[in-house]
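Terminal number for the sequence shown in this note's numbering: 478, no gaps in between.
By construction, the Cβ of each residue, glycine as well, lies at the ideal position given by its N, Cα and C atoms.
Down below is the structure, laid out as structure tokens.
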Amino acid sequence: MKLGTKLIHAGVSPDPSTGAIMTPIFQTSTYVQNAPGDHKGYEYARTQNPTRNALQDALAAIENGKHGLSFGSGLAATDAVLKLLNPGDEVIASNDLYGGTYRIFTKVFQRYGIKFHFVDMQEAKNMAAYITPQTKLVWIETPTNPMLNIIDIAAVAKIAKQHQLLLAVDNTFASPYLQNPLDLGADIVVHSATKYLGGHSDVVHGAIIVKNDELAQQLAFIQNSCGAVPGPQDCFLVLRGLKTLHVRMQRHCENGEGIARFLRGHAKVGKVYWCGFDDHPNHAVAREQMRGFGGMISFTLKNDDIEAAKKVLSNTHLFSLAESLGGVESLIGHPASMTHASIPREERLKNGLTDSLIRLSVGIEDIDDLIADLEKAIG
Ligand SMILES: *Cc1c(COP(=O)(O)O)cnc(C)c1O
């Protein structure tokens with residue numbers, strides 16, 4: 100089955116008691132048993148919920164995995180993956196990560212004796228120098244946030260396999276419409292479903308997808324033991340969002356390209372970061388592992404003018420100034436003071452994340468109106 104069909108049909112079937120075509124929101128905490136231990140497969144809603152199960156099965160299918168697990172947020176999903184580790188274990192992570200991921204690694208899990216190495220993995224072989232007998236997990240994000248760098252998933256997976264390390268890929272920016280890390284050799288896919296999967300800026304949700312049965316069992320144990328599970332209404336919203344992912348992503352990609360080319364041609368714009376440009380440093384890898392280039396773009400103004408950037412940030416009307424991304428509506432953000440404020444300034448600058456950098460999540464509005472909005476704000 101192709102993705103467009105899976106997005107609509109995977110995991111869901113008419114409700115057996117009514118025939119309802121949409122999976123009902125099973126707003127219940129517990130399930131009645133006929134006799135002790137004699138039940139319909141559902142005992143307590145932290146452990147199982149039919150709405151969540153439908154979503155989890157859909158998530159597994161669309162990432163070409165076998166098992167899906169839903170969480171209360173993307174970071175709750177990240178937290179569950181990190182809980183596979185023990186004190187003394189080491190993690191190699193790419194050095195250009197979502198700010199909240201960097202924060203949970205350094206401020207939470209470092210305290211429990213897990214060691215993190217942040218490495219520029221645009222060259223996969225850079226990670227080799229950091230592998231020790233304690234290394235257990237490799238964590239990457241591609242395209243990266245907000246610099247839109249590309250990491251070669253298959254190349255990283257190859258090195259990880261040679262050393263028997265788990266590879267986790269945060270696939271939030273690409274979504275399964277553009278790339279499937281499990282097909283490229285990753286062991287674990289993580290999503291903030293708050294973004295493209297949900298797609299309507301109306302829910303916070305996270306997901307993990309794996310192929311391996313034993314890994315799935317360990318993660319399900321953590322999901323149930325730690326309890327960072329989503330409610331059934333949120334599962335319903337993500338399930339509904341999934342049904343249009345392919346249609347939305349197609350438009351995100353078209354609009355993204357239109358805006359990237361507009362910005363590049365603008366006299367007041369400095370650098371434009373978008374992995375679809377032929378001269379993007381890892382464009383060839385993007386072309387190989389992705390089916391399009393998405394709707395995320397970052398740019399600076401000429402001379403890195405912070406005051407001019409602030410003016411742009413407060414003068415768009417269709418692009419709303421807000422954190423987050425991946426919804427149908429366009430957003431504009433300032434990573435240095437918003438999404439990436441939790442990363443120390445020197446760390447940010449090392450990766451090119453300057454104070455004037457502006458990030459766009461290009462929505463699916465009419466491209467002419469979006470360009471006119473930016474044109475007016477940039478002046
Ligand atoms: C938003 C985001 C997260 C965190 O997800 P939440 O749902 O906000 O907890 C993780 N990774 C990336 C790339 C994100 O954009």
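Ranked by Cα distance from Phe-398, the options Phe-392, Thr-343, Lys-367 are led by Lys-367.
In this structure, DSSP gives Phe-204 a helical state, which the three-state scheme calls helix. The DSSP-derived three-state label of Lys-182 is coil. Judged by pairs of C-beta atoms under 8 Å, the stretch 242 to 257 does not touch the stretch 132 to 144, as fewer than three such pairs exist. Burial check for His-304: the Cβ neighbour count within 10 Å reaches 16 or more, so the residue is buried. CA-to-CA, the gap between Glu-222 and Ser-116 works out to about 54 Å. Look at the stretch 342 to 402 and you find these whole runs of alpha helix (DSSP H), each 4 residues long or longer: 344 to 363, 382 to 388. Within its own chain, the residues whose Cβ lies closer than 6 Å to the Cβ of Gly-357, once the five positions on either side in sequence are excluded, are Ile-466, listed in chain order.
Distances from the CB of Ser-460 to the heavy atoms of ligand 1 are all 7 Å or more. Residues Asn-244 of the same chain have their beta carbon placed closer than 6 Å to that of Tyr-197, with the five preceding and five following residues left out of the count.
Contact annotation, Ala-285 with Pro-242: C-beta distance approximately 15 Å; criterion of less than 8 Å not satisfied. In the three-state DSSP reduction, Asp-468 falls in the helix class (H, G or I). In this chain, the beta strand (DSSP E) harbouring Val-218 covers 214 to 218. Considered as a whole, the stretch 225 to 267 harbours 234 to 240 as its complete beta strand (DSSP E) runs of no fewer than 3 residues, in chain order.
Linking Gly-173 to Thr-293 through their CA atoms gives a straight-line distance of about 7 Å. With 16 or more neighbouring CB atoms inside 10 Å of its own CB, Leu-417 falls in the buried class.
In this structure, Asn-225 sits away from Asn-450, with a CB-CB distance that is not shorter than 8 Å.
With contacts defined as CB atoms closer than 8 Å, Val-288 and Val-268 qualify as a contacting pair.
Comparing alpha-carbon positions, the option among Gly-369, Ser-423, Asp-377, Thr-415 lying closest to Asp-403 turns out to be Gly-369. Non-local C-beta neighbours of Leu-154 in its own chain, meaning closer than 7 Å and more than five positions away in sequence, comprise Gly-110, Ser-169, Cys-334, Val-337, Leu-338, ordered along the chain. Proximity of the beta carbon of Tyr-295 to ligand 1 is not indicated: no heavy atom of the ligand is located closer than 7 Å.
Within a 10 Å sphere around the beta-carbon of Ala-157 sit 16 or more other beta-carbons, which makes this residue buried. Taking the Cα of Leu-283 as reference, the smallest distance to any Cα among Lys-310, Ile-120, Gly-330 is reached at Lys-310. Straight across, the Cα-Cα distance linking Leu-469 with Leu-236 is about 41 Å. Taking the Cα positions, Ala-176 is about 8 Å away from His-290. Contact between Pro-275 and Glu-142 does not hold, since the beta-carbon distance rounds to 31 Å and is not under 8 Å. Counted as a single uninterrupted DSSP element, the alpha helix (DSSP H) harbouring Ala-407 occupies residues 405 to 414.
Taken in chain order, the complete alpha helix (DSSP H) segments of 4 or more residues contained in the stretch 295 to 340 are 312 to 325.
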